[in-house]
Ligand SMILES: [Zn+2]
């Protein structure tokens, strides 16, 4: 199931909103009806979270790091980057940009709040000033401060990991930062049960975020160390361009592969994904030829990392990738599949 929905994009980076944020907006709309004061606060919080996340993305772009997407949560956003920056000094700069931006917005609003006042005659969100400008200032400072907590998945956790990574292995630094994140998540949840329900939600979010961050980092650092040639299968399911879809399907079932390579006189033409084959109606499968289906031109060299193979496969939405010689890129020497990547990961973990 999909938990976040695309709402737009900036500089080619898709921006998604998480379902919890939508639920919070609906909840605040209902609870604060008909004055809608809280609802507008949440709506503006949304704008500030977007600005916060975009500041991360801008720094990432500056260092030529690709941002895959931005997901917006009520207590901040997550910028999913293509790969974690190698150098700790880049990572902490990227991470610190968000909280600094939130603080800057907060201070500007604080200044504006001294000059002009937007008075709203209802119980306000944070303190009882009734001055919306000051509340938005506080909201931004809170957003910045919360994200500075030195634990994953907050920005402060990244700064903390970068700091540790100067002194120890990157994967160990990640483990410590994630451990502190989980610990904090547990504390927040327990404290929240006793005092404030919202803290429970934040605590659970922090706990899950810390765990996910640690896992994805460990997976990528592990897979980066394994070479394609050490996990590839020497054989693949292969069809010729003039083969029918039905013939190709039979080859795939026999070889137990999900996608099929198309070869013409021993040279690789490309790969047809399982999804494309499944789009063909059963009655057409014996008539349609494989060359009429969309072909993906993607391959990897034996000396590249399994992480690279994994990234290409998830980007192209394929279950296997052909391995070709560097000297002769049309000659297939094997394939890497999802299963071989999972195997490589398990093996590398036990050997570590
Ligand atoms: Zn941030």
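In the working numbering, the protein residues as written are -7 to 344. Every residue gets a Cβ at the ideal spot worked out from N, C-alpha and C, and that includes glycine. Values in this document were obtained by computation on a predicted structure and should not be read as measured data.
Cβ-heavy atom distance between residue 139 and ligand 1 below 7 Å?
Taking the first residue of the chain shown as position 1, residue 139 is located at position 147. Yes, Cβ of residue 139 sits closer than 7 Å to a heavy atom of ligand 1.
Among the residues of its own chain, which have a CB less than 6 Å from the CB of residue 288, if the five just before and after it don't count?
Against the chain shown, residue 288 aligns to sequence position 296. Cβ neighbours of residue 288 beyond the five flanking positions: 262, 263, 308.
List, from N- to C-terminal side, the alpha helix (DSSP H) runs of 4 residues or more that fit wholly inside the region 212 to 293.
Runs found: 237 to 247, 266 to 270.
In angstroms, rounded to a whole number, what distance separates the CA positions of residue 192 and residue 209?
Counted from its first residue, the chain shown places residue 192 at position 200. Counted from its first residue, the chain shown places residue 209 at position 217. Approximately 26 Å between the Cα atoms of the pair.
With a threshold of 16 other CB atoms inside 10 Å of the CB of residue 150, please say whether the residue is buried or exposed.
Indexing the chain shown from 1 puts residue 150 at position 158. Classification for residue 150: buried.
Establish whether the CB of residue 183 and some CB of chain C are separated by less than 8 Å.
The structure shown contains no chain C, having only a single protein chain.
In this structure, how does DSSP classify residue -3 when only helix, strand and coil are distinguished?
Here residue -3 is taken as the residue at index 5 of the chain shown, counted from 1. Looking at residue -3 - three-state DSSP - the assignment turns out to be strand.
With 16 other CB atoms within 10 Å as the buried threshold, where does residue 251 fall?
In the chain shown, the residue the question calls residue 251 occupies position 259. Looking at its Cβ environment, which holds 16 or more other Cβ atoms inside 10 Å, residue 251 is buried.
Check whether the Cβ of residue 148 sits closer than 7 Å to any heavy atom of ligand 1, and report yes or no.
In the chain shown, counting from the first residue as 1, residue 148 sits at position 156. Not one heavy atom of ligand 1 falls within 7 Å of the beta-carbon of residue 148.
Is residue 153 helix, strand or coil by DSSP?
Your numbering for residue 153 matches position 161 in the chain shown. If DSSP states are grouped into helix, strand and coil, residue 153 belongs with the helices.
Can you find the residues in the same chain that come closer than 7 Å, C-beta to C-beta, to residue 337, ignoring five residues on each side of it along the sequence?
Looking up residue 337 in the chain shown gives position 345. 211, 214, 215, listed in sequence order.
Select from 37, 45, 155, 22 the residue whose C-alpha is nearest the C-alpha of residue 131.
If you number the chain shown from 1, residue 131 lands on position 139. For the residues 37, 45, 155, 22, the minimum Cα distance to residue 131 belongs to 37.
In whole angstroms, give me the CA-to-CA distance for residue 302 and residue 126.
Taking the chain shown and counting its residues from 1, the one referred to as residue 302 is at position 310. Taking the chain shown and counting its residues from 1, the one referred to as residue 126 is at position 134. Straight-line Cα distance between these residues: approximately 48 Å.
Among 304, 295, 231, which has the Cα closest to the Cα of residue 269?
Counting from 1 along the chain shown, the entry for residue 269 is found at position 277. Residue 269 has its Cα closest to that of 231, out of 304, 295, 231.
What does the alpha-carbon distance come out to for the pair residue -2 and residue 201?
Within the chain shown, numbered from 1, the residue matching residue -2 stands at position 6. Within the chain shown, numbered from 1, the residue matching residue 201 stands at position 209. Rounded to the nearest angstrom, the gap between the Cα atoms of residue -2 and residue 201 is 20 Å.
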